[in-house]
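Number of protein chains: 2
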Amino acid sequence: MTKVRVAGFSISLDGFGAGPDQSLEDPLGRGGEDLHQWVFPTRTFRTIHGEEGVGTTGLDDNFVRRSFDNVGAWILGRNMFGPVRGPWPDESWKGWWGDNPPYHAPVFVLTHHARPPVEMEGGTIFHFVTGGIEEALDRARAAAGEAADVRIGGGAATIRQYLQTRLIDELHIAISPVLLGEGEPLFAGLDLPALGYQVTAHAASEAATHVIVTRSD
Amino acid sequence: MTKVRVAGFSISLDGFGAGPDQSLEDPLGRGGEDLHQWVFPTRTFRTIHGEEGVGTTGLDDNFVRRSFDNVGAWILGRNMFGPVRGPWPDESWKGWWGDNPPYHAPVFVLTHHARPPVEMEGGTIFHFVTGGIEEALDRARAAAGEAADVRIGGGAATIRQYLQTRLIDELHIAISPVLLGEGEPLFAGLDLPALGYQVTAHAASEAATHVIVTRSD
Numbered sequence: 715m716t717k718v719r720v721a722g723f724s725i726s727l728d729g730f731g732a733g734p735d736q737s738l739e740d741p742l743g744r745g746g747e748d749l750h751q752w753v754f755p756t757r758t759f760r761t762i763h764g765e766e767g768v769g770t771t772g773l774d775d776n777f778v779r780r781s782f783d784n785v786g787a788w789i790l791g792r793n794m795f796g797p798v799r800g801p802w803p804d805e806s807w808k809g810w811w812g813d814n815p816p817y818h819a820p821v822f823v824l825t826h827h828a829r830p831p832v833e834m835e836g837g838t839i840f841h842f843v844t845g846g847i848e849e850a851l852d853r854a855r856a857a858a859g860e861a862a863d864v865r866i867g868g869g870a871a872t873i874r875q876y877l878q879t880r881l882i883d884e885l886h887i888a889i890s891p892v893l894l895g896e897g898e899p900l901f902a903g904l905d906l907p908a909l910g911y912q913v914t915a916h917a918a919s920e921a922a923t924h925v926i927v928t929r930s931d
Numbered sequence: 715m716t717k718v719r720v721a722g723f724s725i726s727l728d729g730f731g732a733g734p735d736q737s738l739e740d741p742l743g744r745g746g747e748d749l750h751q752w753v754f755p756t757r758t759f760r761t762i763h764g765e766e767g768v769g770t771t772g773l774d775d776n777f778v779r780r781s782f783d784n785v786g787a788w789i790l791g792r793n794m795f796g797p798v799r800g801p802w803p804d805e806s807w808k809g810w811w812g813d814n815p816p817y818h819a820p821v822f823v824l825t826h827h828a829r830p831p832v833e834m835e836g837g838t839i840f841h842f843v844t845g846g847i848e849e850a851l852d853r854a855r856a857a858a859g860e861a862a863d864v865r866i867g868g869g870a871a872t873i874r875q876y877l878q879t880r881l882i883d884e885l886h887i888a889i890s891p892v893l894l895g896e897g898e899p900l901f902a903g904l905d906l907p908a909l910g911y912q913v914t915a916h917a918a919s920e921a922a923t924h925v926i927v928t929r930s931d
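In order, the protein sequence lines correspond to chains A and B. So the mapping is simple: our numbering equals the position in the first sequence, first residue as 1, plus 714. So the mapping is simple: our numbering equals the position in the second sequence, first residue as 1, plus 714.
Here you go:
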């Protein structure tokens, strides 16, 4: 059975999945990079960024690697795709990630503004979905096929929408030992137990506490 | 230099320091006991409850033991003292903890309704403070003397008031791997970095992630 899942999503102790004031210079918002300190040293992350054979192994690396395992299609919110707001002024913005993004699969970007698909190097194709979160999930499931998962990459607002509609099967959340004070809250105002979600596993490294949250029915 | 500190205060992954609907049967609110699973098996906790020589040692036990070290006076919110709301109907309610509460020091209870002090066994005296959080802290500091700390026991609303006024020097928070969905939020709406607070240490056991939050100036 394939899953709709969130993986490797980091939050602060005070519950923020990104800092405030996202911009070209600060894709993760102010202070947002601190959330991901558990990722950067790992072997999987460094390999993705072209540094073969270096980086840490162990719990954090396992979670980064598993976050990419068997992902057949992705869903991203508009703000995770870029800082452009409103109608697309032109076709020039192609994501934060350069010519060869780390997705290597179809990526469905939620937006209110239609735009033709953008094909990148390495198998990533950005599709722009204007019909809402369920249409995006239907298209992502179809693209992923019967054997692969759909990963909802983020950001926090997108994950919240899918949680509220109970469309996520499993989340891996990493809690980083930092306080942001403001930003994009992940859980605020969501009653996850009432929506059927519970913690089913947890483990901690020096850098983060990892929890698996699963929908029970 | 003595400290005003919070210690051994547990929150859920979604940020609640107690569950909803506190009552006589449910002093910690619905689901609230789950927050404290890291405490119950420890040697220090079991010793406090009369079971000498049993219980776990290690990280969790160290944090429980240190939470009681050198505490010269306590401050508690009214709801942490009991489920009675409004004016005291009589003098019968003497806390949740029986004849010999685990404080063994003066305890200053925040309330809007005056009441004479209550002396318990084992050195605990409950004082009822109607003049607000600063008066309670002044009295607690005087009672603790020059060599001992003041511990703010909780609940979440009381800790929030002392954080907003920057009167807490250090917090030890334990994040338990559970979701409550609703309850008493600890950090919601507080910008701790803007108030001068940062994480200065962290460590995790199987049962909880422990963080130390310190005011920097």
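Yeah, the Cβ is synthetic: ideal placement off N, Cα and C, and Gly gets one too.
- No Cβ of chain B is located within less than 9 Å of the beta carbon of Thr770 (chain A).
- For the C-beta of Ala871 (chain A), not a single chain B residue is nearer than 9 Å; the gap to the nearest is close to 17 Å.
- Sixteen is the threshold: when 16 or more other Cβ atoms of the shown chains lie within 10 Å of the Cβ of Val753 (chain A), as they do, the residue is buried.
- For Leu790 (chain B), the secondary structure class from DSSP, reduced to helix, strand or coil, is strand.
- For the stretch 877–900 of chain B, residues whose beta-carbon sits nearer than 8 Å to a beta-carbon of chain A comprise Ile887, Ile889, Pro891, Val892, Leu893, Leu894, Gly895 and Glu896.
- Taking 9 Å as the CB threshold, Thr758 (chain A) stays off the interface with chain B.
- Close partners of Thr923 (chain A) in chain B (Cβ separation under 8 Å): Ile889, Pro891, Ala918 and Thr923.
- Annotation for Gln878 (chain A): the continuous alpha helix (DSSP H) segment containing it runs Ala870 to Gln878.
- Around the beta carbon of Asn793 (chain B), 16 or more other beta carbons lie within 10 angstroms, which makes this residue buried.
- The beta carbons of Val821 (chain A) and Thr838 (chain A) sit closer together than 9 Å.
- Counting of Cβ neighbours within 10 angstroms places Asp783 (chain A) among the exposed residues, the total staying below 16.
- When beta bridges are read from the DSSP output, Phe730 (chain A) appears opposite A:Pro899.
- At a cut-off of 3 residues, the continuous stretches assigned as beta strand (DSSP E) that sit fully inside the stretch 794–833 of chain A are 820–824.
- By the rule that beta-carbons nearer than 9 Å mark a contact, Gln751 (chain B) does not touch chain A.
- With its beta carbon less than 9 Å from one in chain A, Gly745 (chain B) belongs to the interface.
- Of the residues B:His763, B:Thr758, B:Glu765 and B:Arg855, the one whose Cα lies closest to the Cα of Gly772 (chain B) is B:Thr758.
- Residues of the stretch 853–866 of chain A whose Cβ lies closer than 8 Å to any Cβ of chain B: none.
- If you draw a straight line from the Cα of Trp810 (chain A) to the Cα of Ile873 (chain A), it is about 19 Å long.
- Contact between the stretch 875–883 of chain A and the stretch 728–736 of chain A is not established, with fewer than three Cβ pairs separated by less than 8 Å.
- In its chain, beyond the 5 residues on either side, His827 and Arg829 have a beta carbon closer than 6 Å to the beta carbon of Trp802 (chain A).
- Separation of Arg799 (chain B) and Phe842 (chain B) (C-alpha to C-alpha, rounded to the nearest whole angstrom) is 14 Å.
- Taking 9 Å as the threshold, the shortest C-beta distance from Ala902 (chain B) to chain A falls below it.
- Shown here, Ser781 (chain A) sits in a helix according to DSSP, grouped into three states.
- The shortest C-alpha to C-alpha distance from Lys717 (chain B) to any of B:Ser919, B:His886 and B:Arg760 is the one to B:His886.
- Under the three-state reduction of DSSP output, Glu884 (chain B) falls in the strand class.
- Annotated as proximal: Ile866 (chain A) and Ile789 (chain A), with beta-carbon spacing under 9 Å.
- Nearest CB-CB separation between Leu790 (chain B) and chain A: not below the 9 Å threshold.
- At a cut-off of 9 Å between beta-carbon atoms, Leu738 (chain A) makes no contact with chain B.
- Cβ contact annotation for His818 (chain B) (same chain, cutoff 8 Å, sequence separation greater than five): Gly836, Gly837 and Thr838, in chain order.
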